[in-house]
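Residue numbers (the numbering used here): 402 to 738. See structure below.
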Amino acid sequence: AGKSTLALALLQRLVPERQTLVLCYDELIPGEAFPLPGGAAHPATTSSFWKLYRRKLLAYIELLIQAIYGNGYLVGSSNETDSAWDYFIQSLKRQHVISSEAQYVGAEQYPVSVKRSRPLVIILDDNFYYQSMRYEVYQMARQNSLGFCQLFLECPLQLCLRRNHQRLCPVNDETIALMSTKLELPDPEKNGWEKNSIILKGEENISEEDIQKVLALLDAALENPVQPIKENTEQKEADRAICAASVLHQADQAFRRSVSQAMKTMKVKKLTTWKIKLLAEDLNKLKTMFLEDLRHGTLRGNPMKIYGDVDAIVAEASCGFDQEKEVILKNFLEKQT
């Protein structure tokens with residue numbers, strides 16, 4: 402509670418001297434990434450979609466950064482037809498970060514309006530309640546030699562609930578209460594990468610003193626960008642092998658859960674025994690194909706890295722698996738009728 406208010410206050414103070422971009426995750430992650438009220442979406446599927454879109458958004462931000470420091474054009478992949486990309490582009494246009502008109506030179510591309518001569522501050526407005534979520538942003542900053550800092554608003558649960566009820570589209574109380582138990586505060590003593598962090602009291606109005614603290618933190622982050630770590634080739638290859646094995650194991654477990662849930666659902670539909678057997682064979686074939694793809698670093702014909710963020714990779718693979726699984730289930734139900 403209070404994140405967007407703080408982001409707006411910072412925007413007003415930063416604009417004269419710095420270029421500023423505010424990216425609100427609630428506005429950029431499509432509704433299909435979240436379960437509908439009373440919906441029957443399986444929790445694992447919903448989680449997969451949510452993680453996938455968060456990963457995509459971070460990738461889009463990195464594309465923008467690379468465009469600013471590259472040839473000055475933000476180029477979208479020919480595969481970027483999802484609503485998250487559209488929301489991202491519209492947000493950049495509204496904030497005059499890219500041109501409102503796209504150019505087409507083999508692919509859609511937008512001239513970037515950001516000037517390298519002035520500092521650019523990108524504010525990511527989101528809960529980032531797990532340290533792992535914030536660490537992904539830090540990794541991107543490190544890879545691109547950017548400044549990185551965190552602003553954490555500490556707010557009592559009851560005040561969060563009260564403020565939530567005043568929103569146009571409030572979140573249900575159970576979700577907020579659950580999230581409050583999962584929030585992981587910055588811990589600079591344990592995590593050196595969180596050293597540029599400030600915890601502000603969210604129950605109070607944002608004071609001038611708070612703003613000055615934040616501005617000083619931003620200046621420190623801009624003046625001391627995170628430096629990429631020097632690679633140890635042998636260690637990197639060993640880490641990749643471990644990561645790939647973990648991806649395959651977790652993906653296998655996720656696919657098995659998905660198949661099991663599908664079989665339970667279809668048994669309720671009262672399919673005949675032999676059709677249930679055929680369905681199980683088709684779903685297991687699909688699972689085998691997806692795992693074989695991952696072993697070869699692809700996902701349904703598209704290249705895919707199977708090292709890095711294991712959760713995000715498994716989420717993307719699970720999302721693709723669930724989509725093809727639903728097609729199989731639909732075909733079986735149509736044959737049944």
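In this text, a Cβ means the ideal position worked out from N, Cα and C, and glycines have one as well. Note that this is a predicted model, so its numbers are computed, not measured.
1) Restricting to runs no shorter than 3 residues, where is the beta strand (DSSP E) found entirely within the region 461 to 545?
2) Would you mind reading off the limits of the alpha helix (DSSP H) that contains residue 413?
3) Whole angstroms is fine: what's the gap from residue 686's alpha carbon to residue 730's?
4) Should residue 660 be labelled buried (16 or more other beta-carbon atoms within 10 Å of its own) or exposed?
5) State the DSSP-derived secondary structure class of residue 724, mapped to helix, strand or coil.
6) For residue 453 and residue 639, which I take to be in contact (beta-carbon distance under 8 Å), what is that distance rounded to the nearest angstrom?
7) In terms of alpha-carbon separation, which member of 597, 535, 726 and 629 lies closest to residue 617?
8) Does the distance from the C-beta atom of residue 522 to that of residue 419 stay below 8 Å?
9) In terms of alpha-carbon separation, which member of 584, 736, 650 and 668 lies closest to residue 362?
10) Determine, using beta carbons only, whether residue 663 and residue 691 come nearer to each other than 8 Å.
11) Cβ of residue 611 within 8 Å of Cβ of residue 601?
12) Checking 8 Å against the spacing of the C-beta atoms, do residue 543 and residue 417 come in under that value?
13) Is residue 408 closer than 8 Å to residue 527 when the C-beta atoms are compared?
14) Helix, strand or coil for residue 421, going by three-state DSSP, please let me know.
15) Does the distance from the CB of residue 466 to the CB of residue 552 come in under 8 Å?
16) With a cut-off of 8 Å, do at least 3 Cβ pairs link the region 553 to 571 to the region 507 to 518?
17) Please classify residue 570: is it buried, with 16 or more other beta-carbons within 10 angstroms of its beta-carbon, or exposed?
18) Tell me whether residue 809 sits in a helix, a strand or coil according to DSSP, three-state version.
19) Bridge partners for residue 703 per DSSP, in chain order?
20) Sorted by chain position, which residues of the same chain lie with C-beta nearer than 7 Å to residue 726's C-beta, five sequence neighbours on each side aside?
21) Quick one: Cα of residue 444 to Cα of residue 496, how far?
22) Looking at the secondary structure, which residues open and close the alpha helix (DSSP H) in which residue 619 lies?
23) Are residue 529 and residue 539 close, meaning C-beta to C-beta below 8 Å?
24) Please list the terminal residues of the continuous alpha helix (DSSP H) segment that includes residue 559.
25) So, helix, strand or coil for residue 442, using DSSP?
26) Provide the residue(s) that pair with residue 651 in DSSP beta bridges, ordered along the chain.
27) Residue 585 by DSSP, collapsed to three states: which one?
28) Compute the Euclidean distance between the alpha carbons of residue 693 and residue 614, then round it to the nearest angstrom.
29) My output table needs one value for residue 740: the three-state DSSP class, helix, strand or coil.
30) Counting only the same chain and skipping the five closest in sequence on each side, list residues whose C-beta sits under 8 Å from that of residue 574.
Per the coordinate set shown:
1) 474 to 476, 509 to 512 and 521 to 526
2) Position 12 of the sequence shown, counted from the first residue, corresponds to residue 413. Unbroken alpha helix (DSSP H) run through residue 413: 404 to 415.
3) Along the sequence shown, one-based indexing puts residue 686 at 285. Along the sequence shown, one-based indexing puts residue 730 at 329. Residue 686 and residue 730: Cα-Cα distance of roughly 14 Å.
4) In the sequence shown, residue 660 corresponds to position 259, counting from 1. By the neighbour-count rule (16 or more Cβ atoms within 10 Å), residue 660 is buried.
5) Position 323 of the sequence shown holds residue 724. If DSSP states are grouped into helix, strand and coil, residue 724 belongs with the helices.
6) Reading the sequence shown from its first residue, position 52 is the one you call residue 453. Reading the sequence shown from its first residue, position 238 is the one you call residue 639. Residue 453 to residue 639, Cβ: 28 Å. No contact.
7) Reading the sequence shown from its first residue, position 216 is the one you call residue 617. Of the listed residues, the one whose Cα sits closest to residue 617 is 597.
8) The sequence position of residue 522 within the sequence shown is 121, counting from 1. The sequence position of residue 419 within the sequence shown is 18, counting from 1. Their beta carbons are under 8 Å apart, which means residue 522 touches residue 419 by this criterion.
9) Nothing about residue 362 can be reported from this structure: the residues present for the chain run from 402 to 738 only.
10) Along the sequence shown, one-based indexing puts residue 663 at 262. Along the sequence shown, one-based indexing puts residue 691 at 290. No.
11) The residue you call residue 611 lines up with position 210 of the sequence shown. The residue you call residue 601 lines up with position 200 of the sequence shown. Result yes, Cβ atoms of residue 611 and residue 601 sit closer than 8 Å.
12) Counting from 1 along the sequence shown, the entry for residue 543 is found at position 142. Counting from 1 along the sequence shown, the entry for residue 417 is found at position 16. Not a contact, by the Cβ cut-off of 8 Å.
13) Along the sequence shown, one-based indexing puts residue 527 at 126. Along the sequence shown, one-based indexing puts residue 408 at 7. No; because the gap between Cβ atoms is not below 8 Å, this pair is not in contact.
14) Sequence index remark: in the sequence shown, residue 421 carries index 20 (1-based). Three-state DSSP puts residue 421 in a strand.
15) Numbered from 1 along the sequence shown, position 65 holds the residue referred to as residue 466. Numbered from 1 along the sequence shown, position 151 holds the residue referred to as residue 552. No, Cβ-Cβ distance for residue 466 and residue 552 is not below 8 Å.
16) no
17) For the purposes of this step, residue 570 is taken as residue 169 along the sequence shown, with counting starting at 1. Exposed, because fewer than 16 other Cβ atoms sit within 10 Å of the Cβ of residue 570.
18) For residue 809 there is no data in the structure shown, the boundaries of the chain being 402 and 738.
19) Locating residue 703 in the sequence shown gives position 302, counting from the first residue. According to DSSP, residue 703 bridges with 700.
20) In the sequence shown, residue 726 corresponds to position 325, counting from 1. Taken in chain order, the residues that qualify are 659, 663, 684 and 687.
21) What you label residue 444 is simply residue 43 of the sequence shown in a count that begins at 1. What you label residue 496 is simply residue 95 of the sequence shown in a count that begins at 1. Below a pLDDT of 50, predicted positions are generally treated as unreliable, and residue 444, at 45, falls in that range; the measurement from the model is reported next regardless. Cα-Cα distance, rounded: 35 Å.
22) Start at 1 with the first residue of the sequence shown, and residue 619 comes out as number 218. Residues 609 to 624.
23) Numbered from 1 along the sequence shown, position 128 holds the residue referred to as residue 529. Numbered from 1 along the sequence shown, position 138 holds the residue referred to as residue 539. No, these two residues do not count as a Cβ contact at 8 Å.
24) Taking the first residue of the sequence shown as position 1, residue 559 is located at position 158. That run of the alpha helix (DSSP H) goes 558 to 566.
25) Working through the sequence shown from its first residue, we reach residue 442 at position 41. In this prediction, residue 442 has a pLDDT of 44, which is less than 50 and means its spatial position is unreliable; what the coordinates show is noted afterwards. Residue 442: coil per DSSP, three-state reduction.
26) Counting from 1 along the sequence shown, the entry for residue 651 is found at position 250. Residue 651 pairs with nothing; no bridge assigned.
27) Here the question's residue 585 lines up with position 184 in the sequence shown. Residue 585 falls in the coil class under three-state DSSP.
28) The residue labelled residue 693 in the question sits at position 292 within the sequence shown. The residue labelled residue 614 in the question sits at position 213 within the sequence shown. Answer to the nearest angstrom: the Cα atoms are 52 Å apart.
29) The chain is shown from 402 up to 738; residue 740 falls before or after that span and cannot be answered.
30) Here residue 574 refers to the residue found at position 173 of the sequence shown. Once the five neighbours on either side are set aside, the close Cβ partners of residue 574 are 562 and 565.
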